[in-house]
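Per this note's numbering, the very first residue in the sequence shown carries number 1; after that it's consecutive. Here's the structure, in structure tokens; my notes come after.
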Amino acid sequence: MRHDATPAQVADIVQQIEQHGMKSHLSSGEERTVIGVIGTNPFQLKDLFVEAPGVAEVIPITKPYKLSNREFRPHDTHIRVGGVDVGSNQVWVVAGPCSIENAEMFLESARGVKAAGGHALRGGAFKPRTSPYSFQGLRHDGLSILKAVRAETGLPIVSEVLSEADLDAVADVADVIQIGARNMQNFSLLSEVGQLRRPVLLKRGMSSTIEEWLLSAEYILSQGNYDVILCERGIRTFEPYTRNTLDLNAVPLIRELSHLPVIVDPSHGTGRRSLVIAMALAAVASGAHGVIVEVHPHPEAALSDGAQSLTLDGFRTLMQQLRPVAEAVGRTLA
Ligand code: PEP
Ligand code: MN
1 MRHDATPAQV ADIVQQIEQH GMKSHLSSGE ERTVIGVIGT NPFQLKDLFV EAPGVAEVIP
61 ITKPYKLSNR EFRPHDTHIR VGGVDVGSNQ VWVVAGPCSI ENAEMFLESA RGVKAAGGHA
121 LRGGAFKPRT SPYSFQGLRH DGLSILKAVR AETGLPIVSE VLSEADLDAV ADVADVIQIG
181 ARNMQNFSLL SEVGQLRRPV LLKRGMSSTI EEWLLSAEYI LSQGNYDVIL CERGIRTFEP
241 YTRNTLDLNA VPLIRELSHL PVIVDPSHGT GRRSLVIAMA LAAVASGAHG VIVEVHPHPE
301 AALSDGAQSL TLDGFRTLMQ QLRPVAEAVG RTLA
């Protein structure tokens, strides 16, 4: 829409779009309002609206992902989580154990994360394990622990949902709902979280292309939940010395293609504690809006992902080293 388009002109266009059986998505920026139109022939749209009052231009978005496309929203999306605007200049740091194992270790982790300056706490109650014989998480008991620790520390919670059946229970305690790599293409789950009005952390599938990942985000956005944070967590390659190959190309590329915030998980990205800090620093240097790292008070005794978990001391070191890197690339670490 033109800069001087009136609210009535915007409403009129929206109404006409809907009368033609198409879906509209409104993005009201400070400089201009953009109306996303889904499900149409772009040439027909041009004919209909190019001369309409208030319309500045009609731009067909040729990529298959529309609402996540930077052409739809030229400015970075900011998503408020606790005290941080994720997607802004502020670097967002999420830390905590892979799984919630018991109340004591989770509270000890949370206190350590908070004391070192972490902004949000991660921890899985429902764990997607490769083997059915591995620890599957404390499930609903884990959610109760999350709730108690959230109340005690005030830290916002990031936690994974594995199935639609558990979504309400997870959404009851999680400030940010994590969709894991293995569920990135669980399209019915994506549509369900799209119905919520709660930020979603969408991890990249371990064998997914960037376009497939953005199309998965599109499943959530197209349901009206625009608060999606993308998370690069490493992809499978031929290299066996690391668990995955952390694809940092994805960070500046996503920032070109999309307005959505993108963060990095160097823990799953490397699988090795000794590499986590270096890759977290590299992530922020490459333009990531934040990092999510696994931290455990006693990694040698962890029930999942101990080998890639930082100790609480290691996490303090990471926070100290992150600040000058963030500042060097024009970012802040609150
Ligand atoms: C996790 O965050 O513990 C996890 C299972 O991650 P991913 O889905 O990236 O493997
Ligand atoms: Mn893990």
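Beta carbons are placed, not taken as given, at the ideal position from N, Cα and C, and that holds for glycine. Just so you know, these numbers come straight off a predicted model, no measurement behind them.
Residue i and residue j closer than 8 Å at C-beta
i      : j      : result
Ala288 : Ile263 : yes
Ile79  : Ile277 : no
Leu202 : Met184 : yes
Leu310 : Val293 : yes
Ser24  : Val14  : yes
Lys66  : Glu192 : no
Ala302 : Pro97  : yes
Ser222 : Asn69  : no
Leu322 : Leu333 : yes
Val357 : Arg331 : Because the chain in this structure spans residues 1 to 334, residue 357 falls outside the shown range and cannot be described.
Leu189 : Ala169 : no
Thr153 : Ala110 : yes
Gly82  : Ile100 : no
Gln308 : Arg255 : no
Rounded Cβ spacing between residue i and residue j (contact assumed at less than 8 Å)
i      : j      : result
Ile179 : Val200 : 6 Å
Ala125 : Leu155 : In fact, because the Cβ distance is near 16 Å, the residues do not count as touching under 8 Å.
Arg182 : Pro128 : 5 Å
Val161 : Leu167 : 5 Å
Val55  : Leu45  : Going by Cβ atoms, the distance from Val55 to Leu45 rounds to 10 Å, so no, they are not a contact pair.
Phe315 : Gly112 : 7 Å
Gly290 : Pro299 : Going by Cβ atoms, the distance from Gly290 to Pro299 rounds to 22 Å, so no, they are not a contact pair.
Phe72  : Ile61  : 6 Å
Pro297 : Met105 : 6 Å
Thr77  : Tyr226 : 7 Å
Reduced DSSP secondary structure (H/G/I, E/B, other) of residue i
i      : result
Leu48  : helix
Ile177 : strand
Arg204 : coil
Ile59  : coil
Lys23  : strand
Thr311 : coil
Ser28  : strand
Ala120 : strand
Ser216 : helix
Ile254 : helix
Thr270 : helix
Glu239 : coil
Glu232 : strand
Gly194 : helix
Ser159 : strand
Asp166 : helix
Gly36  : strand
Ser109 : helix
Thr245 : strand
Ile79  : strand
Ile17  : helix
Ser131 : coil
Gln136 : coil
Ala302 : coil
Arg2   : coil
Opposing strand residues paired with residue i [DSSP bridges]
i      : result
Lys114 : Answer is none; Lys114 lacks a bridge partner.
Trp92  : Gly290
Asn69  : Ser258
Thr332 : Gln90
Asp85  : Arg80
Ile263 : Cys231 and Gly290
Ser99  : Gly124
Val295 : Leu310
Identity of the residue in the options nearest residue i by Cα
i      : options                           : result
Thr6   : Ile235, Val91, Gly112 and Arg32   : Arg32
Ser304 : Leu312, Leu322, Leu45 and His268  : His268
Ser286 : Met1, Glu239, Lys203 and Leu253   : Leu253
Ser216 : Leu260, Pro240 and Ser144         : Leu260
Met279 : Gly83, Val325, Ala334 and Gly39   : Val325
Ala171 : Phe187, Glu256, Ser188 and Gly194 : Gly194
Thr245 : Arg272, Ser258, Asp4 and Leu221   : Arg272
Asp313 : Glu212, Glu256 and Ala116         : Ala116
Glu232 : Lys114, Glu256 and Gly205         : Gly205
Gly224 : Ser27, Phe238 and Ile17           : Ser27
Val329 : His3, Ser88, Ala120 and Glu30     : Ser88
Ala8   : Ala52, Glu152 and Ala110          : Ala52
Lys114 : Ile100, Glu101, Ser134 and Val93  : Val93
Gly234 : Phe72, Asn249, Tyr226 and Ile220  : Asn249
Arg139 : Gln308, Asn102 and Arg255         : Asn102
Ala95  : Glu256, Leu214 and Gly118         : Gly118
Asp4   : Gln16, Glu211 and Gly29           : Gly29
Val86  : Glu211, Ser134, Val176 and Glu212 : Val176
Ala174 : Asn186, Ser134 and Ala151         : Ala151
Gly39  : Asp47, Asp265 and Glu18           : Glu18
Arg236 : Glu212, Ser207, Ile220 and Glu164 : Ser207
Neighbour flag for residue i against chain D, beta carbons, 8 Å
i      : result
Ser163 : Protein chains in the displayed structure number just one, and chain D is not present.
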